[in-house]
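See below for the structure under consideration.
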Amino acid sequence: MLASLLVLAAEEDPAAINPVVPDEIGEIFWGALAFFTLWILMRYWLLPPLMKVREERRAKEIEDLEAAEAARTAAEQVRRDYDTTIAEARTRAAEVLEEARAAAEADRASKVAAAEAEVAAQRQEAMAELEAARAAAIDQMGGDVADLAVTAASKVVDAPLDVASHRGTVQNYVEGNR
Amino acid sequence: MLHALANPSVLLAAEEGGGGVEFPPINLIVKWPHAFGEGQWYGFNKIALISLIAMIVPVLLFWLAGRKASLVPKGVQNVMESSIDFVEQQVVLPAIGPDGMRYLPMLISMFFFIWIGNLFEVIPTAHMPANARMANPLMLAIVAWVMFIGVGLKHHKLGYLKEALFPPGVPKALYILVTPIEFLSTFLIRPFSLAVRLFANMLAGHILLVTFSVLTITLVGASLLVIVGGLSFAMLVAFTGFEFMVAFLQAFIFSLLTAVYIGGALHPAH
Chain U
508 MLASLLVLAA
518 EEDPAAINPV
528 VPDEIGEIFW
538 GALAFFTLWI
548 LMRYWLLPPL
558 MKVREERRAK
568 EIEDLEAAEA
578 ARTAAEQVRR
588 DYDTTIAEAR
598 TRAAEVLEEA
608 RAAAEADRAS
618 KVAAAEAEVA
628 AQRQEAMAEL
638 EAARAAAIDQ
648 MGGDVADLAV
658 TAASKVVDAP
668 LDVASHRGTV
678 QNYVEGNR
Chain W
6 MLHALANPSV
16 LLAAEEGGGG
26 VEFPPINLIV
36 KWPHAFGEGQ
46 WYGFNKIALI
56 SLIAMIVPVL
66 LFWLAGRKAS
76 LVPKGVQNVM
86 ESSIDFVEQQ
96 VVLPAIGPDG
106 MRYLPMLISM
116 FFFIWIGNLF
126 EVIPTAHMPA
136 NARMANPLML
146 AIVAWVMFIG
156 VGLKHHKLGY
166 LKEALFPPGV
176 PKALYILVTP
186 IEFLSTFLIR
196 PFSLAVRLFA
206 NMLAGHILLV
216 TFSVLTITLV
226 GASLLVIVGG
236 LSFAMLVAFT
246 GFEFMVAFLQ
256 AFIFSLLTAV
266 YIGGALHPAH
């Protein structure tokens with residue numbers, strides 16, 4: 508529409524130009540010279556350094572990303588190794604603890620057994636001593652009882668009795684009731 | 006306002022109108038006197054100067070960026086690498102694909118050449134986009150046209166013309182209708198529409214800014230209409246901001262469409 512208006516304006520005024528029609532060849536010449544110069548310079552001189560540095564940056568980014576990935580993998584491996592070491596240490600600690608516990612248990616059992624044996628021996632010895640004392644007491648008591656019984660019998664019969672001859676009878680009786 | 010100051014004949018045209026608003030003729034706002042070579046093929050005027058600046062500025066920026074390019078970009082290198090990323094990610098890859106990277110230098114050159122040429126619309130004292138004249142848009146459209154036809158013929162030989170003129174899947178009887186339409190749209194209208202889109206947008210913006218400049222000057226001069234003049238000035242500022250955006254947008258659209266045409270020629274089946 509603008510173009511048709513301009514054409515109409517040009518028709519109304521013969522001195523007016525038609526701006527749609529390029530009437531200055533010099534403008535085209537200088538425009539083309541400027542544009543093609545820019546294009547050629549851009550293609551061969553201006554863009555290559557920037558494109559090169561962009562490529563280098565892209566390569567560096569990829570390289571850095573790969574390095575970061577490698578570092579991440581290494582860190583992951585270190586963490587796994589650490590976890591493994593910790594697990595092994597825990598297992599070993601449990602084993603050591605178990606071994607210590609077993610040794611302590613064995614030591615305790617042996618000491619208890621030794622103590623029990625010693626107590627049993629002492630008890631047996633004490634029992635033997637007791638038995639001996641009892642036997643001695645019984646013997647002592649048998650003689651006293653015979654003497655007392657013969658004395659009492661002599662009092663009952665009002666006649667002297669021989670203690671020595673009757674002591675055997677009394678002692679046999681006591682022995683028989685033991 | 007600066008538009009008019011940049012070209013005194015605009016003010017003169019307003020004054021000659023007897024106090025009313027007199028807009029300058031189109032010649033006065035797009036035609037520029039020659040520094041040398043008037044009427045010759047090497048005639049050098051303001052548009053030629055802007056074209057050279059539109060070449061020199063990106064050369065300087067990219068040279069500064071690439072001079073001591075480091076892996077960690079800073080300053081101008083950062084900015085220029087971002088612009089490369091922008092053209093790569095928003096133009097080349099979506100429109101052509103990874104095999105379009107070989108066209109990156111051309112598309113970056115095209116983008117910067119158009120953008121900086123357009124920016125002169127809003128640069129004080131310049132106030133003339135190079136692409137508001139048909140010369141550069143036409144030249145760039147011819148470059149795009151030659152490129153996409155060349156790419157198609159290089160990669161698919163004459164099969165490209167067959168694919169372009171006889172689209173697969175269309176009933177054969179319809180080729181009588183479709184083939185002339187495809188021929189016109191692909192080989193004739195495409196470059197023309199590409200050139201006119203850029204040229205017309207920039208010229209329209211230029212006329213808009215000139216209009217509000219003239220309007221502001223005229224209204225501020227008339228004592229009773231100072232308030233309306235202020236409004237006109239506000240509009241001028243707003244449209245200047247708008248043109249700043251249009252300058253970028255048109256450069257992007259032109260580069261993108263060129264890439265789309267090249268991508269279409271490279272992969273005609275898509």
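So the protein sequences, as listed, match chains U and W. In terms of the working numbering, the first sequence opens at residue 508 and continues consecutively. In terms of the working numbering, the second sequence opens at residue 6 and continues consecutively. The beta carbon of each residue, even a glycine, is placed where N, CA and C say it ideally should be. In this text the structure is predicted, and so the values were computed from the model without any measurement.
With C-beta atoms as the reference, is residue i less than 8 Å away from residue j?
i: U:A659; j: U:V677; result: no
i: W:L261; j: W:A100; result: yes
i: W:F188; j: W:L163; result: no
i: W:A40; j: W:F49; result: yes
i: U:G533; j: W:Y47; result: yes
i: W:T221; j: W:G210; result: no
i: W:E86; j: U:R561; result: yes
i: W:A270; j: W:L208; result: no
i: W:G256; j: W:W120; result: A small correction: the amino acid at residue 256 of chain W is Ala; Gly does not occupy that position in the sequence shown. Cβ distance < 8 Å, so W:A256 and W:W120 count as in contact.
i: U:I569; j: W:K36; result: no
i: W:L143; j: U:P526; result: no
i: W:P63; j: W:F117; result: yes
i: U:R674; j: U:V663; result: no
Can you tell which of the options has the C-alpha that lies nearest to the C-alpha of residue i?
i: W:G44; options: U:E531, U:D646, U:T544; result: U:E531
i: W:P129; options: W:F253, W:A40, W:L214; result: W:L214
i: U:M558; options: W:L33, W:M106, W:V233, W:I55; result: W:M106
i: U:E545; options: W:I61, W:G42, W:E27, W:K36; result: Note on residue identity: the sequence assigns Leu, not Glu, to residue 545 of chain U. Out of W:I61, W:G42, W:E27, W:K36, W:I61 has the C-alpha closest to the C-alpha of U:L545.
i: U:G649; options: U:S661, U:R630, U:V681, U:V619; result: U:V681
i: W:V183; options: W:E168, W:P196, W:F197; result: W:E168
i: W:N141; options: W:A59, W:L109, W:I267; result: W:A59
i: U:L548; options: W:S114, W:W46, W:Q255, W:P78; result: W:S114
i: W:Y108; options: U:L554, U:G683, U:A671; result: U:L554
i: W:F249; options: W:K79, W:G71, W:I34, W:G122; result: W:G122
i: W:F244; options: W:P30, W:E126, W:L65, W:L179; result: W:E126
i: W:A134; options: W:P30, W:I258, W:M240, W:I55; result: The residue asked about is misnamed: residue 134 of chain W is Pro in this sequence, not Ala. Closest option to W:P134, Cα to Cα, is W:I55.
i: W:A239; options: W:V225, W:A252, W:V251; result: W:V225
i: U:L540; options: W:V26, W:L57, W:R195; result: W:L57
Which residues in chain C have a C-beta closer than 7 Å to the C-beta of residue i? List them in chain order.
i: W:L182; result: The chain inventory of the structure shown lacks chain C, comprising the protein chains U and W.
Between residue i and residue j, which are expected to be in contact by the criterion C-beta below 8 Å, what is the C-beta distance as a whole number of angstroms?
i: W:A264; j: W:L112; result: 6 Å
i: W:F67; j: W:M139; result: Wrong, their Cβ atoms sit about 28 Å apart, outside the cutoff.
i: W:I212; j: W:I34; result: 7 Å
i: W:G155; j: W:P273; result: Their Cβ separation, rounded to whole angstroms, is 14 Å, which puts W:G155 and W:P273 out of contact at 8 Å.
i: W:L193; j: W:F217; result: Between W:F217 and W:L193 the Cβ distance is about 36 Å, and since that is not below 8 Å, they are no contact.
i: W:P110; j: W:A146; result: The Cβ separation is near 19 Å, so there is no contact.
Please confirm whether any heavy atom of the ligand ADP lies closer than 7 Å to the CB of residue i.
i: U:E576; result: Judged by which ligands are present, the structure shown has none, so any question about the ligand ADP falls away.
At what residue ranges does the segment 157-205 of chain W contain a whole run of the alpha helix (DSSP H), taking only runs of 4 or more? 164-170, 180-188
At a Cβ cut of 8 Å, what residues of the segment 101-112 of chain W count as close to chain U, listed as they run along the chain? L109, P110, M111
Using a Cβ-Cβ cut-off of less than 7 Å, list which residues of the segment 532-559 of chain U approach chain W; keep chain order. I532, G533, E534, I535, F536, W537, G538, A539, A541, F542, T544, L545, W546, L548, M549, R550, L553, L554, P556, L557
Which residues, taken in chain order from the segment 193-213 of chain W, show a beta carbon closer than 8 Å to some beta carbon of chain U? V201, F204, A205, L208, A209
Going along the segment 559-571 of chain U in order, which residues come within less than 9 Å of chain W, judged by CB to CB distance? K559, V560, R561, E563, R564, K567
Would you list, in chain order, the members of the segment 51-64 of chain W that have their beta-carbon closer than 7 Å to a beta-carbon of chain U? I52, A53, S56, L57, A59, M60, P63, V64
Extract the residue ranges of the alpha helix (DSSP H) inside the segment 52-115 of chain W, only unbroken runs of 4 or more that lie entirely within it. 80-92
Unbroken stretches of the alpha helix (DSSP H), 4 residues or longer, contained in the segment 511-597 of chain U: 532-548
Against chain U: residues of the segment 82-95 of chain W by CB proximity under 9 Å: Q82, M85, E86, I89, D90
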